[in-house]
Amino acid sequence: MYQPVKSMPSNTSKHPDPLHSRTSTAQGLTVSPSLDLVVEQSDFPIQPGLVDSRVVRLSLLSIGLGFAASAVAWAMLTLISLITNIAFYGHWSLESRGPADAVHHLGWWVVVIPVIGAIVIGLMARYGSKAIRGHGIPEAMEQILINRSKIPARIMFLKPVSSAISIGTGGPFGAEGPIIATGSALGSFVGQKIRVSVAERKTLLAAGAAAGMSAIFGSPVSAVLLAIELLLFEYRPRSIIPVALAAATAAGMRIVLEGPHAIFAMPVLAAPSLSALAFYTVLGGFMGLAAAAITRAVYAIEDAFEKLPIHWMWWPAVGAIAVGVAGYFAPDTLGVGYYNITNILSASLAWKAVAFLCAFKFISWSISLGSGTSGGTLAPLFTLGGGLGLLVGQAVNSVAPALGIDVRVAALVGMAALFAGASRALLTSVVFAFETTLQPMGLLPLLGGCAAAYLVSSLVMRNTIMTEKIARRGVHAPAEYSADPLAHLAVGKIANTRVQSFSADESVLTLQQRVKADPAAFLHHEYPVVDSQNRLRGVISLDEVMAHSSTESPIGELLKDKPRFVFDDMTVRLAVNHMIKYGLQALPVLSRSDRYKLVGVLSRSDVFMALQTHSDEELPA
Numbered sequence: 238m239y240q241p242v243k244s245m246p247s248n249t250s251k252h253p254d255p256l257h258s259r260t261s262t263a264q265g266l267t268v269s270p271s272l273d274l275v276v277e278q279s280d281f282p283i284q285p286g287l288v289d290s291r292v293v294r295l296s297l298l299s300i301g302l303g304f305a306a307s308a309v310a311w312a313m314l315t316l317i318s319l320i321t322n323i324a325f326y327g328h329w330s331l332e333s334r335g336p337a338d339a340v341h342h343l344g345w346w347v348v349v350i351p352v353i354g355a356i357v358i359g360l361m362a363r364y365g366s367k368a369i370r371g372h373g374i375p376e377a378m379e380q381i382l383i384n385r386s387k388i389p390a391r392i393m394f395l396k397p398v399s400s401a402i403s404i405g406t407g408g409p410f411g412a413e414g415p416i417i418a419t420g421s422a423l424g425s426f427v428g429q430k431i432r433v434s435v436a437e438r439k440t441l442l443a444a445g446a447a448a449g450m451s452a453i454f455g456s457p458v459s460a461v462l463l464a465i466e467l468l469l470f471e472y473r474p475r476s477i478i479p480v481a482l483a484a485a486t487a488a489g490m491r492i493v494l495e496g497p498h499a500i501f502a503m504p505v506l507a508a509p510s511l512s513a514l515a516f517y518t519v520l521g522g523f524m525g526l527a528a529a530a531i532t533r534a535v536y537a538i539e540d541a542f543e544k545l546p547i548h549w550m551w552w553p554a555v556g557a558i559a560v561g562v563a564g565y566f567a568p569d570t571l572g573v574g575y576y577n578i579t580n581i582l583s584a585s586l587a588w589k590a591v592a593f594l595c596a597f598k599f600i601s602w603s604i605s606l607g608s609g610t611s612g613g614t615l616a617p618l619f620t621l622g623g624g625l626g627l628l629v630g631q632a633v634n635s636v637a638p639a640l641g642i643d644v645r646v647a648a649l650v651g652m653a654a655l656f657a658g659a660s661r662a663l664l665t666s667v668v669f670a671f672e673t674t675l676q677p678m679g680l681l682p683l684l685g686g687c688a689a690a691y692l693v694s695s696l697v698m699r700n701t702i703m704t705e706k707i708a709r710r711g712v713h714a715p716a717e718y719s720a721d722p723l724a725h726l727a728v729g730k731i732a733n734t735r736v737q738s739f740s741a742d743e744s745v746l747t748l749q750q751r752v753k754a755d756p757a758a759f760l761h762h763e764y765p766v767v768d769s770q771n772r773l774r775g776v777i778s779l780d781e782v783m784a785h786s787s788t789e790s791p792i793g794e795l796l797k798d799k800p801r802f803v804f805d806d807m808t809v810r811l812a813v814n815h816m817i818k819y820g821l822q823a824l825p826v827l828s829r830s831d832r833y834k835l836v837g838v839l840s841r842s843d844v845f846m847a848l849q850t851h852s853d854e855e856l857p858a
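Final position of the sequence shown in the numbering used here is 858; the numbers increase by one with none missing.
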């Protein structure tokens, strides 16, 4: 009935639960002195509340992370401007300028500047930390999944500096990815310096990441959704509340520093027709195919760099040659280029210019990212997706004008759907496009298009642009988040009510004789011991009974450890956690409503059967 897997030390501390007080009330039941024997020195799981004082503490820390992430975002954008002005314009200035305007007077020297920046990044990666390579989100995911959410503190400094050098010398990346990674490192650092659980440290890491994204784009809701879909892998008040407060704080600071305007402003959109909505959904499916193709291309380039006969420190410099060459022919591919997204969404560029920009942006970004430099993926994907959406929308509009397609909406859907397909962050993509454009009439096309992209991408590609790298290292990120079937199932519903127990008053000799007379009737290693009213006194090993020499002693006197049990109204998840904690195969089940009497036993096989029932619900009829 009750057989431990391994020997576990006894827990001698008392739970701070009302049941342990002789004069207290527990969950509406008054505990009388006669019942205290049942719960005195007992060990049973405590149902945690949805939130508690620790969540309040975590929330206050997350608000601080929101302010800190805003400062980091401002500092990094300022550093990018400084490096851009020095590298491309030859003077010390904090003026926000892109590299494109400098290409006409630099000529082919524009190829040299990204290479110099890449050499510096390679040195920082080799002698500082290899973790600064890449776009940051996969690395944060990996630390959450396998390293207890611990990110080295030096990443807080090396990642933003290396990314600022990369972008400032022409790297075709957005600032948001590195700032998300830096915010993650900052949250993890705080979680390592104070006493928190691993789960709370993960929440702080996600709060820092969400604050970083919100500080750049002013998109707090999509930042929270990004944390849920790509970092937390859960949805519960204990984590959502701190993350939301961090994102809201960072968004508020952005309004103070830059104003409330949309980062990707576009003309007011009209409500779509049914035929246009159908087209936007089909467009989303096409973007799902494009997302899979782009993801495979990026990792194919990364694999090609792995075969180079030179140290990986020099790979970014090789990739930077493509950045410089692309920048010479298409200057707008250099640097952050958020204005490219705005121009595409406003349909202010000719289709040839959009096609030219997207082609060279993809070449420079994919080769540079594949080389292992420090950069991001969000802004390049938004640029490519918006451009592809605009081109497809214009092409279809020219042959089927009756559909009533708005090419600006096509660009908006393309931007969000490409990211949804590449990252599988469906809700993040939809809400992000809305928050950064403030166009409510785009929500319906966005939902249809992003859902279609998610569907097609999932059909043709197992991993995403975020998870492929860590999957190759044997780390698999959760792709589905569903309710725990054990968390809403009561123990009393599945426990075995046919209980074999010993009486505390029975003598050791009597029990020994019973066992010797019919050993086949005693199949378990341990059994519950109850009093005359069937209330649990403890659990005893049959081997201990058979080896005991004081044969006239009652069994109740042999009990040493406090009993471990669960109540019938507790969830199976709590019971399973209690079993795992002590290495048990079963737990006695007591009735909370019937004077704490022993009413059953919950074994691992009972839990397996419950899980099997849940699994059967997934099978087709």
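For each residue, glycine too, the CB sits at the ideal point set by N, CA and C.
When burial is assigned at 16 or more other CB atoms within 10 Å of the CB, is R438 buried or exposed? buried
Suppose the cutoff is 7 Å on Cβ atoms and the five residues either side in sequence are ignored; what does the same chain contact list for A657 look like? L663, S666, C687, A690 and Y691
F597 to H328 span [Cα, whole Å]: 28 Å
At what residues does the alpha helix (DSSP H) containing P825 begin and finish? Careful: P825 lies outside any alpha helix (DSSP H), inside the beta strand (DSSP E) at A823 to L827.
How do the stretch 370-382 and the stretch 303-322 stand: do at least 3 beta-carbon pairs fall below 8 Å, yes or no? Because the criterion of three Cβ pairs below 8 Å is not met, the stretch 370-382 and the stretch 303-322 do not touch.
Using a Cβ-Cβ cut-off of 8 Å (strictly less than) and excluding sequence neighbours within five positions of V349, which residues of its own chain qualify? G561
Can you tell me the Cα-Cα spacing of T808 and A727, whole angstroms? 4 Å
Local Cβ density within 10 Å of K396, reported as buried at 16 or more and exposed below that: buried
On the CB-based measure, 16 or more other CB atoms within 10 Å of its CB, does T580 come out buried or exposed? A small fix is needed here, since residue 580 is Asn in this sequence, not Thr. Per the 10 Å Cβ criterion, buried.
Flag this pair as touching only if the stretch 488-506 and the stretch 303-310 have three or more C-beta atom pairs under 8 Å; answer yes or no. yes
Could you tell me the alpha carbon to alpha carbon distance between L856 and G556, rounded to whole angstroms? 48 Å
T610 vs P553 beta-carbon contact at 8 Å: yes
CB-CB length for V535 against L606, believed under 8 Å: 6 Å
For the candidate residues G445, A488 and I453, whose alpha-carbon lies nearest to that of L208? Here the chain covers residues 238 to 858 and nothing more, so residue 208 does not appear.
Counting along the chain, where does the beta strand (DSSP E) carrying L835 start and finish? L835 to S840
Where F739 falls: helix, strand or coil (DSSP): Secondary structure of F739 (DSSP, three-state): strand.
Starting from the Cα of Q770, find the closest Cα among I731, L821 and D831 and give me that residue. Considering only alpha carbons, the answer is D831.
In angstroms, rounded to a whole number, what distance separates the CA positions of M490 and A460? 15 Å
Are the C-beta atoms of F426 and some chain D residue less than 8 Å apart? Looking for chain D here will not work: only one protein chain is present.
Taking 8 Å as the cut-off, decide whether the C-beta atoms of V352 and I604 are in contact. no
Nearest to W549 by CA position, among L343, I402 and S608, is which residue? S608
Can you name, in chain order, every residue of its own chain whose Cβ lies under 7 Å from the Cβ of R810, other than the five neighbours on each side? Result list for R810: D721, L723 and A724, in chain order.
What's the call for K706, buried or exposed, on a 16-neighbour Cβ count within 10 Å? buried
Do the stretch 403-419 and the stretch 565-582 make contact, defined as three or more Cβ pairs closer than 8 Å? yes
Taking the CB atoms as reference points, tell me whether A716 and G837 lie closer together than 8 Å. At a Cβ-Cβ threshold of 8 Å, A716 and G837 do not count as neighbours.
Contact check, L655 vs G679, beta carbons under 8 Å: Their beta carbons are not under 8 Å apart, which means L655 does not touch G679 by this criterion.
Below 8 Å, can you find three or more Cβ-Cβ pairs linking the stretch 472-485 to the stretch 293-305? Three or more Cβ pairs drawn from the stretch 472-485 and the stretch 293-305 lie within less than 8 Å of each other, which places the two stretches in contact.
Segments assigned alpha helix (DSSP H), at least 4 residues, entirely inside the stretch 427-454: Unbroken alpha helix (DSSP H) stretches of 4 residues or longer found wholly inside the stretch 427-454: 435-454, given in chain order.
What does the Cβ neighbour count give for V646, buried or exposed, with the cut at 16 atoms within 10 Å? Per the 10 Å Cβ criterion, buried.
In the DSSP output, what is S778 paired with across the bridge? Paired residue(s): E763.
Using the DSSP secondary-structure output, state which residues sit across from S744 in a beta bridge. P791
Return the CA-CA distance between L628 and S456, expressed in angstroms with no decimal places. 27 Å
Where does G424 fall in DSSP's three states? G424 falls in the helix class under three-state DSSP.
Would you mind giving the Cβ-Cβ distance between K517 and P504, rounded to the nearest angstrom? I have them listed as a contact below 8 Å. Residue identity differs from the one stated: residue 517 is Tyr in this sequence, not Lys. Wrong, their Cβ atoms sit about 17 Å apart, outside the cutoff.
Whole-angstrom distance between M313 and S333, CA atom to CA atom: If I take the Cα positions, the gap works out to 12 Å.
Which residue's Cα is closest to the Cα of D843: T734, A639 and E789? T734
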